[in-house]
Amino acid sequence: MAPNLCSFGDHFALSWIDRKSKGATSVRIAGWNGNAFGEASTVATSKQMFANWADIPSVIEAPSGALYAHWLDRISGETYAYGIRIVRSTDRGNSWNPMGWLHNDTSPTEHGFASFIPEGKRVRAFWLDGRAMLKEGGKMMLRTAILDGEKIKDERVLDDDVCTCCPTSAAQMATGPMVVYRDRSPKEIRDIGFTHRNDAGWSKPSTVHTDNWFFPGCPVNGPSIASHGNLVAISRFTVTNNKAQVILRLSKSGKMKFGKEIVLDQDSPVGRCATVFTKDAVFTVWIGREGKQTALQMAQVSPGGIIERRTTLAPINSNRSSGMPRAVVSGGYLWVTWTGENRVRLGRLKIGA
């Protein structure tokens with residue numbers, strides 16, 4: 001369950017959660033070398049691992065060549081008391097060294113939905129942090145920190161009131177790092193928020209687009225961001241005028257207010273978007289509908305905002321068992337992974353010559 005994809009130079013790796021019969025759960029990984037997958041190896045094994053359909057482990061390659069991986073571990077015996085564990089490898093995943101918790105808090109609350117991007121020679125992390133929710137009226141926060149070698153440092157709050165359980169997504173822009181997430185207003189508006197950092201520091205949280213989606217709960221349906229050069233693409237599931245939609249927004253770095261909105265699906269989609277950006281096109285994958293059935297959909301959009309291709313990739317369940325689809329581009333193919341019939345599914349679509 002919980003498959004994910006990560007780029008390793010010209011190739012990529014597939015990670016997933018493997019449940020053991022004796023109660024232990026493992027994060028496993030296998031790399032694609034351009035021709036075949038290598039032998040799967042274990043990143044971590046824990047009897048305290050919190051395996052969640054929406055909050056999935058990941059692996060990222062730092063500019064230094066080191067690998068970092070994360071998963072969720074229980075902090076206490078309470079149902080929703082878990083945190084984000086970090087491990088590091090300096091030998092291409094042959095061995096992994098524990099770095100402890102990503103966050104400097106181990107209160108019995110939720111810490112999760114982490115996303116990671118390279119930054120300089122280091123890696124920047126973003127996550128949702130529920131430590132303030134120990135007190136009545138406390139809110140979920142968006143926080144960030146730096147993974148620098150064996151150290152985790154510079155932890156800080158970016159937004160002190162966000163949606164409690166929607167995945168985050170981040171990208172490195174021409175002007176600096178940017179993270180997108182589902183925000184929350186005091187009136188329960190659940191639009192997509194963002195903040196970015198430049199020479200002046202972190203920006204005040206802003207809204208990608210004013211959808212005014214009122215939803216008194218968490219939809220577990222986060223955005224996805226990707227960038228290329230000075231262009232940024234953000235896909236999101238939203239509801240406007242009582243109509244569910246998947247929308248792609250294309251903007252220039254630093255000019256989010258002047259972006260172009262491209263509606264990819266307004267036929268009652270489920271959402272759970274994943275977006276990747278190449279020099280030629282933006283590719284977005286989501287769970288939509290094909291007739292009376294739900295299906296994994298893909299749209300190819302030009303950097304100018306023209307839908308060039310749309311296709312159905314595979315049938316897929318709309319419930320939690322299908323997990324969060326993830327995508328990566330490698331070797332002239334768009335690779336997509338999801339969960340189907342309690343198995344990790346992986347497919348590819350030719351996109352280049």
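For the sequence shown, position 105 (counting from the first letter as 1) is numbered 105 according to the working numbering, and the numbering increases by one without interruption. Every residue, glycine too, gets a C-beta built ideally from N, C-alpha and C. Keep in mind the model is a prediction, meaning the values are calculated, not measured.
CA-to-CA distance, residue j to residue i, given in whole angstroms
i    : j    : result
G291 : D183 : 32 Å
G120 : T311 : 37 Å
A66  : T90  : 5 Å
G9   : Y80  : 36 Å
L346 : I316 : 12 Å
A44  : A226 : 28 Å
A62  : F50  : 25 Å
Q245 : R190 : 14 Å
R218 : M133 : In the sequence as presented, Arg is not what sits at residue 218; that position holds Cys. Between C218 and M133, the C-alpha separation is close to 15 Å.
G332 : G304 : 21 Å
K243 : M99  : 44 Å
R289 : S95  : 42 Å
A24  : D73  : 12 Å
I146 : G259 : 29 Å
T284 : I234 : 9 Å
I84  : S26  : 15 Å
S76  : Y82  : 7 Å
V270 : Q172 : 27 Å
S322 : L264 : 21 Å
N319 : D199 : 43 Å
N212 : K257 : 16 Å
G222 : C6   : 18 Å
H228 : D280 : 9 Å
K252 : T278 : 15 Å
S58  : F12  : 12 Å
R19  : W101 : 22 Å
V282 : E136 : 43 Å
F352 : P177 : With the sequence shown as reference, residue 352 is identified as Gly, and Phe is not the correct amino acid for it. For G352 and P177, the distance between alpha carbons rounds to 28 Å.
K255 : N52  : 35 Å
T240 : T294 : 21 Å
Q300 : R124 : 29 Å
L14  : Y68  : 14 Å
A54  : V220 : 7 Å
S302 : E78  : 47 Å
G340 : V179 : 29 Å
Cross-strand partners of residue i (DSSP beta bridge)
i    : result
A171 : M178
C6   : A13
S64  : In the DSSP output, where bridge partners are listed per residue, S64 has none listed.
H196 : M178
G31  : A13
N97  : R88
Q297 : W286, T312
L134 : Per DSSP, none; premise fails for L134.
D18  : S26
M141 : D129
I306 : According to DSSP, which records beta bridges pairwise, I306 is partnered with nothing at all.
V329 : L334
T339 : V344
T45  : S26
S203 : Paired residues: none, contrary to the question.
E261 : R249
P118 : V123
G112 : L128
Whole-number beta carbon distance between residue j and residue i, since they are thought to touch under 8 Å
i    : j    : result
I192 : R236 : 5 Å
N170 : F126 : In the sequence as presented, Asn is not what sits at residue 170; that position holds Ala. The pair is a contact, with the Cβ atoms about 5 Å apart (cut-off 8 Å).
R249 : H209 : 6 Å
R343 : W335 : Rounded, the Cβ-Cβ distance is 16 Å, inconsistent with contact.
T164 : R156 : About 20 Å separates the two Cβ atoms, so there is no contact after all.
A314 : L296 : 5 Å
T168 : S115 : 5 Å
E150 : R88  : 7 Å
G93  : T109 : Not quite, the Cβ-Cβ distance comes to about 31 Å (not below 8 Å), so this is no contact.
N4   : I56  : 5 Å
I86  : H70  : 5 Å
Within-8 Å CB hit, residue i to chain D
i   : result
L72 : This model lacks chain D altogether; it includes just one protein chain.
Q) If we count Cβ pairs, one from each stretch, closer than 8 Å, do we get three or more for the region 31 to 49 versus the region 198 to 216? A) Judged by pairs of C-beta atoms under 8 Å, the region 31 to 49 does not touch the region 198 to 216, as fewer than three such pairs exist.
**Asked** Three or more beta-carbon pairs under 8 Å between the region 23 to 33 and the region 319 to 327, yes or no?
**Response** no
3-residue-minimum beta strand (DSSP E) runs that sit fully inside the region 228 to 255, ordered along the chain:
231 to 240, 243 to 252
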